[in-house]
Each structure stands twice: as C-alpha cells, then as structure tokens.
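Counting in the UniProt record's numbering, the sequence shown runs from 1 upward without gaps. Heads up, the beta-carbon is just placed ideally off N, CA and C, and yes, glycines get one too. These numbers were taken from a predicted model, which means no experiment stands behind them. In what follows, a structure is listed as structure tokens, so that the remarks can point back to it.
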Amino acid sequence: MTPRTDLTGYLVRYPQEAGLGDEDPATVLDRYHTPDYELVNDGVLLDRRRLLDHIRPARRRAAGLHVEVEQALVDGDQVAARYRLVARLHRGGTITTEIYMFGQLAADGRLRRAVQATRTIPAPAPTTSPR
C-alpha cells in the first residue's frame with residue numbers, strides 16, 4: 001500500500017503507525033515517504049530529521065488517535081486531502097486538527113513532498129444543566 005494506491009489508507013495508517021506503534025520511526029517514515037521527503041506544515045519546513053524528531057515525543061504524549069477522512073484525491077503524481085486527526089492525550093483531553101494537504105508522489109507511489117495547512121478545532125464547551 002502506498003499513498004498512490006490507497007491515499008485514504010495512508011492518511012489513516014501512517015499517523016497510527018508513527019504516533020502509536022512500536023516499530024522504528026524511520027522504518028515507518030520510509031514505508032510511505034521517499035528519502036528526500038519534505039513536509040511544509042503551516043509554512044514550516046520539516047525534513048526527514050525534523051519529522052523523526054517530532055515522532056518520538058508524539059509517541060509519549062498520545063494515548064490514542066483516529067483520522068476522519070473527508071476527501072482524498074489522486075491525479076497522476078498529485079494528491080490532495082481534507083481530513084481531521086483526533087488525538088487523545090495521556091494527560092487527558094483531546095486535540096482535533098483539521099488538515100488540508102496537497103502533495104506530490106514519486107514514481108514508486110510514495111510521497112515526495114507535501115504542503116499542509118492546519119487548524120485546531122476547539123473542544124465543545126461543557127454544557128450546564130438548567131436549574
């Protein structure tokens with residue numbers, strides 16, 4: 001499975017494997033991304049080293065996560081997706097992030113480059129019962 005053959009599967013599996021798995025983070029990253037993969041997330045460039053540096057602490061913080069894919073499109077070597085990542089934290093609470101991703105695939109179907117814009121969706125306010 002590659003992002004080319006199953007973009008929705010990639011969007012669901014990669015965060016699970018990277019954020020919660022026991023497998024070496026570099027192995028997970030290489031399964032879905034080329035060695036020269038670059039992610040531009042909200043204007044910040046993350047190369048391979050910075051991505052691996054991000055995965056390790058994320059594994060300590062996340063107790064669980066799931067992905068809700070709204071749209072996933074593949075056209076030749078271009079991909080686009082709109083989805084939400086919902087992370088449950090060990091210290092309590094949940095963070096929901098809406099992600100808009102555009103990417104370029106390598107010939108082997110792995111992601112070569114991606115640009116993302118994200119926004120955190122505020123948690124619903126607690127409700128109070130009427131008196």
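- Message: Going by the DSSP bridge assignment, what does E98 pair with across the sheet?
- Response: Beta bridge pairing from DSSP links E98 with R84 and R119.
- Item | Integer Cβ distance of T120 from I95, believed to fall under 8 Å | At roughly 7 Å, the Cβ-Cβ gap stays under 8 Å, so T120 and I95 are in contact.
- Would you mind sorting A117 into buried or exposed? The rule is 16 or more other CB atoms within 10 Å of its CB. With fewer than 16 other Cβ atoms within 10 Å, it is exposed.
- Determine the direct distance from the alpha carbon of T97 to that of M1, and round the result to whole angstroms. If you take the alpha carbons of M1 and T97, they lie about 25 Å apart.
- For R61, does the three-state DSSP call read helix, strand or coil? R61 falls in the helix class under three-state DSSP.
- Query: When the Cα atoms are used, what is the spatial distance from R49 to D24?
  - Reply: For the pair R49 and D24, the Cα-to-Cα distance works out to about 14 Å.
- Message: Just to check my reading of the structure: Q16 and L65 have Cβ atoms closer than 8 Å, yes? What is that Cβ distance to the nearest angstrom?
- Response: Yes, they are in contact, since the Cβ atoms of Q16 and L65 sit about 7 Å apart, within 8 Å.
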